[in-house]
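Before any comments, here is the structure.
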Amino acid sequence: MQVEFHLPSLGADMESATLTEWLKNPGERVRHGEPLATVETTKGLIDIEAYDDAQVLEHLVQPGTKVPVGAPLARLEISGAPQAPPPSVPSQPPAAPAAPAAAATTAAPASSAKTAHARISPAARRRAHELGLPLETFARSAAGGIIHVADVEKLAPPVASAQGDARAAMRASIGMAMARSKREIPHYYLSHAVDFGPARDWLIGHNAPLAVKDRLIEAVLITKAVALAAARIEGFNGYFRDGRFESASAVHAGAAIAVRSGGLVAPALLDANQKDLPTLMRDFSALVMRVRAGHMRSGEFTAATITVTSLGADGVDVLFPIINPPQVAIVGAGAIREQPWVQGSQCVARPVLTLSLGADHRVTDGRLGARFLRAIAELLAHPELL
Amino acid sequence: MPDPLPDSRSAMSYRDAVREALRSALIADPRVFLMGEDVGRYGGSYAVSKGLLEEFGADRIRDTPLSESAFVGAGIGAALGGLKPIVEVMTVNFSLLALDQIMNNAATLSHMSGGQFNVPLVIRLATGAGRQLAAQHSHSLEGWYAHIPGLRILTPATIDDARFMLAAALACPDPVLLFEHQYLYNMEGHLTAGLEAVNLHNAAIRRAGRDVTLIAYGWSLHKSLAAAEELARTGIEAEVLDLRTLRPLDEQAIIASVRRTRRAVIVDEGWRSGSLSAEVTTRIVEQAFYDLDAPVVRVCTAEVPVPYAKHLEDAALPSPDRIVAAVRTVLESSGSP
Amino acid sequence: MEPKEIQTKLLALLTGVAPDIDPASIEPSKNLRDQFDFDSMDALHFATAVSEAFAIDIAEADYPRLASLEGAQRFVEERLAAR
Amino acid sequence: MTETVELPVSREHGLELLREMLRIRCFEDRCYRLYGETKIRGFLHLYNGEEAVAVGAMRSLRPTDAVVSTYREHGHAIVRGIPMPAVMAELFGKQTGCSRGRGGSMHLFDASRRFYGGNAIVAGGLPIAVGLALAQKLLRQNDITTCFFGDGAVAEGEFHESLNLASLWRLPVLFLCENNLYAMGTALDQAQAETDITTKARAYRMAAQPVDGMDVLAVETMVSRAVDEVRTGCGPMLLELRTYRFRAHSMFDPQLYRDKAEVAQWEKKGPIITLTKRLKALGLMSEDDYERCERDANAEVDAAVQFAEASPWESVADLERFVYAGPVA
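Residue numbers (the working numbering), protein chains in the order written: chain Y, 8 to 393; chain F, -12 to 324; chain V, 47 to 129; chain U, 430 to 758.
Rendered as structure tokens:
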């Protein structure tokens, strides 16, 4: 029976060796246990021995060449019954799953018995002091959660300083939230191209008889589709807090609105999945007006259970947005642009919208994410159902 | 006829309490025997085992040659062989010569053999400084041993614990190290009326308080109690927690107390770096971070080989004054209590 | 209505819809979207305001005519003239 | 050295000794191969050449006697009766190993056979053996403790402390020194001022004898006499079994410290060749007998490897099990 003779591992830390000399040439016989070749290792010359009585057929490696452990060195003809051939797949212990918390890492402090004080990090306590915010303001809104510096700064009163300072403060606070999100949330991203034609045609038809003030915009259709899909498919609507996902029954869709003084805010359109399009449009319109006027209601900030963001007509094809913690998903809507689209055997021009999803891999995975995006696309394909 | 146990409720020294513990253990179980340097004819380097050789004979009170590795290893072997040995290592300083047997055999055999061989062995060691014995005879290494999985580490600091911890240790199927601080042997006190046994799992609040938690063991416990009295005169009520067991640490007791007082001062005769107090501090930060009003403060031995001269040794070791000063810093950095 | 009057009216309508824009910084000929992140909701609000202020109907197809102040000016002048 | 008078042997007894030595030899050769294929990892110290010591010594012990070994322990473990599958599974790190995959080659344990394991610390086992014998004496059990160790251990403090304590307290310990002439890379005469190890034991008033460690019959005879004597309670004894290891100290050792000629010379008088030549000369066995014994040995090793391959890994959830035998918190 013909077999390949491989370079054996002679030590736990040996990766390779250089063949220095063949002790048996093609045609010669070798007995089980007899040296077949000499190799040079980090520790010096070592003879490697044949496992079975055999005849050397062919040298596969010439003296002087360095080969890794396991590399074939020669072909042998085994005489007589060989020892039990080793199974080909070396069975290694399964990759140790994350060691149970009991071992090396100590469990994150479970939310201990309700302590008199809200759980406020010392850094947050000092920042609140600097911003002149009494600690009580946090005690209520942080029931069970932990107050970090970012939470304090988010609710900082509008500072009357020059617009430059406000812009810097806003940018800094958004920056901190995004940094924390990137650090703590294991994002995965998916995108999906959609023929926006049907929705657009429906919208033109719907708006045609209406006065300008009653007309709908594309963003409202997309937001409603996302909200309906979020209500239908588990895992994209809610919060991830204290190590676990809390699904939210209501769907409050955060609508991303560019703030002229810099940055983006995403206040919530409450119960976006239940409202009809005109009502949703009115809410959306009022929300933008409040953002433009600069007096937003803090409640609207923290209510969103999922966020929809887009850069509008002059944006780009696909966004890869960052989740607003503690939410677990964010849907991006790219610029809708005429692009080639295969229909049957023809290639036609269609207004293509690319949807993208950033989601928390602690809660869902690519398979679920794909179902979610396809559900949104399906809804947009039948705008009359929105 | 051995004379009857003295009336256990009359005043006794810590040394008397340990001797009574040994006597009752030897009487209770024929498998129990004591082995160590000068434990027999000499009566024990701290006179703890005086009289036991005459009462129990040379088979069960065995003087050994100065071969720490061999007789500690023999203690392990005898425990594996079905006996209940109590090995006395004269002081923790000499235990360094038996560390290989304690770490690589006693602590490891049960796990490494897949649970086939447990080692029901008790090792008693005198520990600590304070008698001007200089660097080589004044070590406090409880923290080292508390690092090793497989060992249980106990520090009896009161007459009750000196009297009753040994029996509980002997009943334990795993190796137990009992550290008796040498300074305490002469301490006098009373056994608690009616007390027949103690457990090995819990720390004990020796003095209740609301403003700060003093966490200590061994001789440091008594220094902390003295500091607490002094603080009480200035209106500060310190809670004093006696750890009693260093492995496993009674985390619940530590965290519960710190949650109440919001401040912690740890008194540890070891050197600060990598000490037991460092471990206790980490557990507090891991589990009571949001309950702290000030960082944890530690009072440890200065990081020097313990000097011979008394004034230098006193300056190096934890003291009531240094504990009081530590409490003041903890209170200042967190506003009035 | 005089062109000057239309211009001041349009400026007032624009700042009404986007109070966070500094009127002095508006370049009449430049696209509002490029100058101020003017999104589709802002555009709709502006179109609504113009339609109501000048009582003219604006079809969706005409929104691009309102992309800049100058464009809006010309569009309004045309519609008023056609009336 | 023992007189070389021919010791009597029957066919049946001779073949039994040969079978046991071949079981060890085939097991160790397979381990060499399995290590090359990365199935066995860590340190591996093979016993080729010293089979006569394990086979000769272990036969005289009772099941209730205690045995303490070293890290070159496969031969001791197998001949003491630990099933080959359990030993091989241990080398694979599997849960069915005789130490649940936690000890590996240097830490094989079996409580039911009072096999108190190998020890990776040179001479680390000697104090343990003294303690086991102390318990046997105090509990008046009619058992002894046999302690295997190499010539390297003779340089350790624990060797001297243990021999003195055992002799001082007249404990039933049989110290078996497998002198294979090398402590890893250091020849005996590079490590010992006095290379006759038996003289060291006599310094502690302990009877001691050298034995030809390559002659399984000599080992069997001398050890059984020593076992009977120690069992009478006269105190400990030491036998210096002069033997030789044919393979490297451990897997990654280019053996710079000895030349191939010396190894070849010792291989000519190896334990298996010596016994086979003798039995053939006495007409007590044929080449067929040899091949059958070797075939049976290899079959047993094959089965052990299959068992190890098929065995499960221990669950990580059990990582901390057995650190303590009793409840902790």
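Glycine included, C-beta positions come from ideal geometry on N, C-alpha and C.
If you draw a straight line from the C-alpha of Y/VAL201 to the C-alpha of Y/GLU225, how long is it? Looking at the two C-alpha atoms, the distance is approximately 14 Å.
Please tell me whether U/GLY471 has its Cβ less than 8 Å away from any Cβ of chain Y. Yes, U/GLY471 counts as interfacial toward chain Y.
Alpha helix (DSSP H) segment containing U/LYS709, residue limits: Element bounds for U/LYS709: 700 to 710.
Indicate the three-state DSSP secondary structure (helix, strand or coil) for U/LEU713 in the structure shown. Look at U/LEU713 here: in three-state DSSP terms it is coil, with no helix or strand label.
Take U/ARG529 and list the residues in its own chain whose beta-carbon comes closer than 7 Å to its own, dropping the five residues that flank it on each side. Within the same chain, U/ARG529 has close Cβ partners GLU743.
Let me check understanding here. Comparing Cα to Cα, which of Y/ASP20, Y/PRO33 and Y/ARG378 lies closest to Y/THR48? Nearest option by C-alpha distance: Y/ASP20.
F/SER31: contacting residues in chain U (beta-carbon distance under 8 Å): It is Gly, not Ser, that sits at residue 31 of chain F in the sequence shown. Below the 8 Å Cβ cutoff, chain U contributes no neighbours of F/GLY31, its closest Cβ being approximately 20 Å away.
Report the neighbours of F/SER104 on chain U: residues whose CB is nearer than 8 Å to its CB, in chain order. Note that residue 104 of chain F is Phe in the sequence shown, not Ser. Neighbours of F/PHE104 on chain U, chain order: PHE538, ALA540, TYR545 and GLY546.
Nearest-angstrom Cα separation, counted from U/LEU563 out to Y/GLU191: Take the alpha-carbon of Y/GLU191 and the one of U/LEU563: they are about 60 Å apart.
According to the neighbour-count rule (16 or more other Cβ atoms, all chains shown, within 10 Å of its Cβ), is F/LEU39 buried or exposed? Buried is the call here.
Between the Cα of F/ILE310 and the Cα atoms of F/LEU208, F/ALA(-2) and F/PHE276, which residue gives the shortest distance? Per the Cα distances, F/LEU208.
Consider the Cβ of Y/ALA226: report whether some Cβ of chain U lies at a distance smaller than 8 Å. Not an interface residue.
Using a beta-carbon distance cut-off of less than 8 Å, what residues from the region 71 to 91 of chain V approach chain Y? Listed in sequence order: ARG79, ASP80, PHE82, ASP83, ASP85, SER86, MET87, ASP88, LEU90 and HIS91.
Would V/PRO110 count as contacting chain Y if we go by Cβ distances under 8 Å? Closer than 8 Å to the CB of V/PRO110 there is not a single CB belonging to chain Y.
Looking at the unbroken beta strand (DSSP E) that takes in Y/ARG314, where does it start and where does it end? Correcting the residue type first, residue 314 of chain Y is Thr in the shown sequence and not Arg. First-last of the beta strand (DSSP E) with Y/THR314: 313 to 317.
By Cβ distance, which residues of its chain are closer than 8 Å to V/LEU56, with the 5 residues on each side in sequence left out? Correct list, in chain order: VAL96, LEU115, ALA118, GLN119 and VAL122.
Could you pull the DSSP bridge partners for Y/TRP348 from this structure? DSSP lists Y/VAL355 as partners of Y/TRP348.
Chain-order list of residues whose beta-carbon lies under 7 Å from that of Y/ASP60 (same chain, five-residue window excluded): Only ARG38, HIS39, SER86 and GLY87 meet the Cβ criterion.
In DSSP terms, what Y/MET185 is bridged to: Its beta-bridge partners do not exist; DSSP assigns none.
Could you pull out every residue in the same chain whose Cβ sits closer than 6 Å to the Cβ of U/THR525, ignoring the five residues on either side in sequence? Result list for U/THR525: ALA518 and SER740, in chain order.
Between Y/SER292 and chain B, is the shortest Cβ-Cβ distance under 8 Å, so that the two count as touching? Protein chains in the displayed structure are Y, F, V and U, and chain B is not among them.
How do the region 274 to 291 of chain Y and the region 219 to 233 of chain Y stand: do at least 3 beta-carbon pairs fall below 8 Å, yes or no? They touch, by the three-pair rule.
Could you tell me the distance, in whole angstroms, from the CA atom of V/ILE104 to the CA atom of Y/VAL219? A direct Cα-Cα distance of roughly 7 Å separates V/ILE104 from Y/VAL219.
Proximity of F/VAL254 and F/VAL293 at Cβ, strictly below 8 Å: The Cβ-Cβ distance between F/VAL254 and F/VAL293 does not fall below 8 Å.
Pull the bridge partners of Y/LEU364 from the DSSP assignment, please. DSSP lists Y/LEU197 and Y/VAL338 as partners of Y/LEU364.
Let's test the definition: count the other Cβ atoms within 10 Å of the Cβ of U/LEU444 and tell me whether it reaches 16, buried, or not, exposed. It is buried - the Cβ of U/LEU444 has at least 16 other Cβ atoms within 10 Å.
Taking Cβ positions, are F/ARG2 and F/LEU21 nearer each other than 8 Å? No.
Please list, in chain order, all residues of the same chain as Y/GLY77 whose beta carbon is under 6 Å from its beta carbon, the five residues on each side excluded. Take Y/GLY77, set aside five residues on each side of it, and the residues of its chain with a beta-carbon closer than 6 Å to its own are HIS13, in chain order.
Is there a Cβ from chain U that is less than 8 Å from the Cβ of F/GLN274? No - not a single Cβ of chain U is within 8 Å of the one on F/GLN274.
So, is the C-beta of F/PHE166 closer than 8 Å to a C-beta in chain U? No - not a single Cβ of chain U is within 8 Å of the one on F/PHE166.
Suppose you measure from the CA of F/LEU325 to the CA of Y/PRO70; what does that come to, to the nearest Å? Residue 325 of chain F falls outside the range modelled here, since chain F spans only -12 to 324, and no answer is possible.
How would you list, in chain order, the residues of chain F whose beta-carbon sits under 7 Å from the beta-carbon of U/GLU502? Around U/GLU502, no beta-carbon contact reaches into chain F at under 7 Å, the shortest distance being about 13 Å.
Taking the alpha-carbon of Y/LEU392 as reference, which of Y/LEU26, Y/ARG378, Y/LEU235 and Y/ALA310 has the nearest alpha-carbon? Checked all of Y/LEU26, Y/ARG378, Y/LEU235 and Y/ALA310; the closest Cα to Y/LEU392 is Y/LEU235.
Residues of the region 8 to 22 of chain Y with Cβ closer than 7 Å to any Cβ of chain U, in chain order: Contacts with chain U (Cβ-Cβ distance below 7 Å) from the region 8 to 22 of chain Y involve PRO15, SER16, LEU17, GLY18, ALA19 and MET21, listed in chain order.
Checking the sheet assignment: what are the DSSP bridge partners for F/GLY176? For F/GLY176, which the question treats as bridged, DSSP gives the partners F/MET(-1).
In whole angstroms, give me the CA-to-CA distance for Y/THR361 and Y/VAL315. Approximately 13 Å between the Cα atoms of the pair.
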